[in-house]
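Written below as structure tokens is the structure these notes are about.
Protein chains in written order, with the working numbering: chain A, 2 to 268; chain B, 26 to 349.
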């Protein structure tokens, strides 16, 4: 375990070095948040009752999304890992007494977390200072907040476990380009990072909410604002737990198979 | 102890001819050829040996190293190292080995080298005291003091390679695989690396397996050589054995003023430019002394040197002899 923690540490510290990128990120996220809210505001003005979420809930959703973008962004992949596979440097990683899946999993956790740590506080602060209903509302209840934290962690694991599949596919395709574009656009839509899932057509939403995509940012953000509560919340958490376990187990199995066939590229 | 028995490995490689039409065709149907990288490779290496593993590019050297270090699965055959099958018990096996791939880097690019070392310490669960001792020793032997606090990206190739080698020694490996460790290094760095490897072998009884194209590496470090070509082991013996096989030929290099050389049987002219001439002498036909006498009769010699065939030439002639 200690080796994975050290591995996490070096990657985390490495991530903290990119401060200018973080400032730029913060500015983008705040601007993006405002833009989103203004667009939805225009729609709500038309008819506030035909919307599935209250406006203040939606604002909280958007600000949380911006603040924790680094944890849940589906388009982020560790280029180091792609490089490792395509250049053949994986030879070194395989010559360590470590489990490759856990090593890459840790790496992804560390990078995303280091980015989120640098970015989330300023964005949250701005969102807290905004007047209702444009800013982030305080949590609905203590229990709700507690569940929000739990589901955040599970959602984070779910995102990373899912991205592991993309890395494994690159063992076969040897180029990250295609799979990345397809995966990114699909996941962006299905996880509710373009529009929240309640805005989907009813039937589509029913299907999507059973997939692992609904267990990513959708669940914790909606729990925070009270949009999901009670039984629905309990079901959501269990489903999330189920997906995290399934994704990790199948990822591990697939990786073990891929490694048997791996050809270290280039001499 | 390292034991390989009848190891085979085949790679599939996509092939197509050049051109637009061919590229379009490859969208629908890929032509593959199978490359037999290794055919029935068998050898045994005992603890504490230093073995040079040589052969032309694409002969299968790196593939063998990768199988022995648990990275590659062979198609068939057995490989047992200290009771473990590397690719099946990868994690237990790699604890006992160190690997240096000369063309790749195991150091973290953006952080000081020492951070990479610390990480390796944790990865291999090296005891704090053992680590400190090793680090001190390695720092001194490889002269790392000045560079260990610099990020890897700012090191020269020679400095980086010294760090790479140190990195592979931190956990006291029993076996060290070096895949072209001196590639691209200058003479000073090469000598430093060689001396270090030799020393570690003598003091810690580390088994060393080294692939290289640099014959001086082989000459300086290894006692035993394995020659591989087209995926087969062609020769397994000592360097001196190999040399004896080819010691009949000597080379005479001359600097002369003027004159015309009359050649006898057993002497052949290799090159002749601007008052420099190189001759090859077959000592089974004519002795070196006779050859020199003969040559000195026909020209005014200003300088002269006699050398045996270099290992490079021996290997080239072996390739020819064995038709690889």
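Glycine residues also receive a C-beta, built at the ideal position from the N, C-alpha and C atoms.
ask   = From residue 268 of chain A to residue 34 of chain B, what does the alpha carbon distance come to, in whole angstroms?
value = Along the first chain, one-based indexing puts residue 268 of chain A at 267. Along the second chain, one-based indexing puts residue 34 of chain B at 9. Confidence at residue 268 of chain A is low in this model, with a pLDDT of 48, below 50, so the placement of that residue should be treated as unreliable; the coordinate-derived value is given next. Near 14 angstroms, if we compare the C-alpha coordinates of residue 34 of chain B and residue 268 of chain A.
task = Please name the residue in B:253, B:304 and B:59 whose C-alpha comes closest to that of residue 81 of chain B.
result = Taking the first residue of the second chain as 1, we reach residue 81 of chain B at position 56. Considering only alpha carbons, the answer is B:253.
key: Nearest to residue 84 of chain B (by Cα), restricted to the options B:325, B:293, B:251 and B:297   = Locating residue 84 of chain B in the second chain gives position 59, counting from the first residue. For residue 84 of chain B, the nearest C-alpha among the options comes from B:251.
ask   = Which residues, taken in chain order from the stretch 119-134 of chain B, show a beta carbon closer than 8 angstroms to some beta carbon of chain A?
value = 119, 120, 122, 124, 126, 128, 129, 130, 131 and 133
query = So, is the C-beta of residue 94 of chain B closer than 8 angstroms to a C-beta in chain A?
reply = Numbered from 1 along the second chain, position 69 holds the residue referred to as residue 94 of chain B. Residue 94 of chain B counts as touching chain A.
task = Could you tell me whether the Cβ atoms of residue 75 of chain B and residue 27 of chain B are closer together than 8 angstroms?
result = Here the question's residue 75 of chain B lines up with position 50 in the second chain. Here the question's residue 27 of chain B lines up with position 2 in the second chain. No, the pair does not count as a contact, with Cβ atoms beyond the cut-off.
inquiry  = Under DSSP, the alpha helix (DSSP H) around residue 60 of chain A begins and ends at which residues?
reply    = By one-based count along the first chain, residue 60 of chain A stands at place 59. Per DSSP, residue 60 of chain A belongs to the alpha helix (DSSP H) from 56-68.
inquiry  = Considering only DSSP beta bridges, list what residue 69 of chain B is partnered with.
reply    = As a position in the second chain, residue 69 of chain B is number 44, starting the count at 1. BP columns for residue 69 of chain B point to B:28.
ask   = Counting contacts by CB-CB distance shorter than 8 angstroms, is residue 91 of chain B in contact with chain A?
value = Numbered from 1 along the second chain, position 66 holds the residue referred to as residue 91 of chain B. Yes, residue 91 of chain B lies at the interface with chain A (some Cβ there is under 8 angstroms from its Cβ).
ask   = Does the distance from the CB of residue 113 of chain A to the CB of residue 71 of chain A come in under 8 angstroms?
value = Working through the first chain from its first residue, we reach residue 113 of chain A at position 112. Working through the first chain from its first residue, we reach residue 71 of chain A at position 70. Between residue 113 of chain A and residue 71 of chain A, the C-beta spacing is below 8 angstroms.
query = Can you tell me where the beta strand (DSSP E) with residue 307 of chain B in it begins and where it stops?
reply = The residue labelled residue 307 of chain B in the question sits at position 282 within the second chain. It spans 301-307 - the beta strand (DSSP E) in which residue 307 of chain B sits, taken as one unbroken run.
ask   = Excluding the five sequence neighbours on either side, which residues of its own chain have a C-beta within less than 7 angstroms of the C-beta of residue 117 of chain B, listed in chain order?
value = Position 92 of the second chain, counted from the first residue, corresponds to residue 117 of chain B. So the list reads 109, once near-sequence residues are dropped.
message = As a quick exercise: from B:275, B:244 and B:276, pick the residue whose alpha carbon is nearest that of residue 264 of chain B.
response = For the purposes of this step, residue 264 of chain B is taken as the residue at position 239 of the second chain. Ranking B:275, B:244 and B:276 by Cα distance to residue 264 of chain B puts B:244 first.
task = Please state whether DSSP places residue 61 of chain B in a helix, a strand or coil.
result = Sequence index remark: in the second chain, residue 61 of chain B carries index 36 (1-based). Of the three classes helix, strand and coil, the one that applies to residue 61 of chain B here is strand, per DSSP.
message = So for residue 141 of chain A, helix, strand or coil by DSSP?
response = Taking the first chain and counting its residues from 1, the one referred to as residue 141 of chain A is at position 140. DSSP, read as helix, strand or coil, puts residue 141 of chain A in coil.
request  = Spell out a yes or no on whether the stretch 130-149 of chain A and the stretch 93-102 of chain A are touching, meaning 3 or more CB-CB pairs, one atom from each, closer than 8 angstroms.
outcome  = no
ask   = Among B:325, B:308, B:177 and B:345, which residue has its Cα nearest to the Cα of residue 333 of chain B?
value = Locating residue 333 of chain B in the second chain gives position 308, counting from the first residue. Nearest option by C-alpha distance: B:308.
ask   = Terminal residues of the continuous alpha helix (DSSP H) containing residue 126 of chain B?
value = On the second chain, position 101 is the one that residue 126 of chain B refers to. Note, residue 126 of chain B: premise wrong, no alpha helix (DSSP H); beta strand (DSSP E) at 122-126.
query = Could you give the distance in angstroms between the alpha-carbon of residue 57 of chain A and the alpha-carbon of residue 221 of chain A?
reply = One-based indexing of the first chain puts residue 57 of chain A at position 56. One-based indexing of the first chain puts residue 221 of chain A at position 220. Each residue's Cα considered, the two are about 16 angstroms apart.
request  = With a threshold of 16 other CB atoms inside 10 Å of the CB of residue 345 of chain B, please say whether the residue is buried or exposed.
outcome  = For the purposes of this step, residue 345 of chain B is taken as the residue at position 320 of the second chain. Exposed, because fewer than 16 other Cβ atoms sit within 10 Å of the Cβ of residue 345 of chain B.
query = Buried or exposed: which applies to residue 50 of chain A, given that a residue is buried once 16 or more other Cβ atoms fall within 10 Å of its Cβ?
reply = To locate residue 50 of chain A, count along the first chain from 1; it is residue 49. Counting Cβ neighbours within 10 Å, residue 50 of chain A comes out exposed, since fewer than 16 surround it.
key: Start and end residues, alpha helix (DSSP H) containing residue 222 of chain A   = For this step, residue 222 of chain A is matched to residue 221 along the first chain. Per DSSP, residue 222 of chain A belongs to the alpha helix (DSSP H) from 219-225.
request  = Answer with yes or no whether the minimum CB distance from residue 11 of chain A to chain B is below 8 angstroms.
outcome  = Translated into positions along the first chain, residue 11 of chain A becomes position 10. For residue 11 of chain A, the nearest beta carbon of chain B is closer than 8 angstroms to its own beta carbon.
request  = Return the Cβ separation of residue 246 of chain B and residue 222 of chain B in integer angstroms, given the expectation that the two are a contact with Cβ distance under 8 angstroms.
outcome  = Here residue 246 of chain B refers to the residue found at position 221 when the second chain is read from its first residue. Here residue 222 of chain B refers to the residue found at position 197 when the second chain is read from its first residue. Right, their Cβ atoms sit about 6 angstroms apart.
task = Apply the 10 Å Cβ neighbour rule to residue 59 of chain B and answer buried if 16 or more other Cβ atoms are within range, or exposed otherwise.
result = Start at 1 with the first residue of the second chain, and residue 59 of chain B comes out as number 34. The residue is exposed, with fewer than 16 neighbouring Cβ atoms inside 10 Å.
message = Please report the straight-line C-alpha distance between residue 261 of chain A and residue 98 of chain B, rounded to a whole angstrom.
response = Taking the first chain and counting its residues from 1, the one referred to as residue 261 of chain A is at position 260. Taking the second chain and counting its residues from 1, the one referred to as residue 98 of chain B is at position 73. Rounded to whole angstroms, residue 261 of chain A to residue 98 of chain B spans 6 angstroms at the Cα level.
key: residue 275 of chain B in three-state terms, based on DSSP   = Working through the second chain from its first residue, we reach residue 275 of chain B at position 250. Three-state DSSP puts residue 275 of chain B in a strand.
ask   = Does DSSP put residue 101 of chain B in a helix, a strand or coil?
value = The residue you call residue 101 of chain B lines up with position 76 of the second chain. Residue 101 of chain B: strand per DSSP, three-state reduction.
message = residue 240 of chain B and residue 214 of chain B - do their beta-carbons sit closer together than 8 angstroms?
response = Your numbering for residue 214 of chain B matches position 189 in the second chain. Your numbering for residue 240 of chain B matches position 215 in the second chain. No, the pair does not count as a contact, with Cβ atoms beyond the cut-off.
ask   = What number of angstroms, rounded off, separates the C-alpha of residue 45 of chain A from the C-alpha of residue 39 of chain A?
value = Counting from 1 along the first chain, the entry for residue 45 of chain A is found at position 44. Counting from 1 along the first chain, the entry for residue 39 of chain A is found at position 38. Cα atoms of residue 45 of chain A and residue 39 of chain A: separation of roughly 10 angstroms, rounded to the nearest angstrom.
Environment of residue 129 of chain B [buried if 16+ CB atoms lie within 10 Å] = Residue mapping note: residue 129 of chain B aligns to position 104 of the second chain, counting from 1. Looking at its Cβ environment, which holds 16 or more other Cβ atoms inside 10 Å, residue 129 of chain B is buried.
ask   = How many angstroms separate the CA atom of residue 276 of chain A from the CA atom of residue 155 of chain A?
value = Lying before the first or after the last residue shown, residue 276 of chain A is absent from chain A, which here runs from 2 to 268.
request  = Pick helix, strand or coil for residue 41 of chain B, following the three-state DSSP scheme.
outcome  = As a first step, residue 41 of chain B must be located in the second chain, where it is residue number 16. In this structure, residue 41 of chain B counts as coil in the three-state DSSP scheme.
key: Cut-off 7 angstroms between Cβ atoms - residues of its own chain near residue 124 of chain B, not counting five sequence neighbours on either side   = Here residue 124 of chain B is taken as the residue at index 99 of the second chain, counted from 1. The answer, listed in chain order, is 94, 193 and 202.
message = Spatial neighbours of residue 311 of chain B within its chain, please: C-beta separation below 6 angstroms, excluding the five flanking residues on both sides.
response = Residue 311 of chain B sits at position 286 when you count from the first residue of the second chain. Around residue 311 of chain B: 291.
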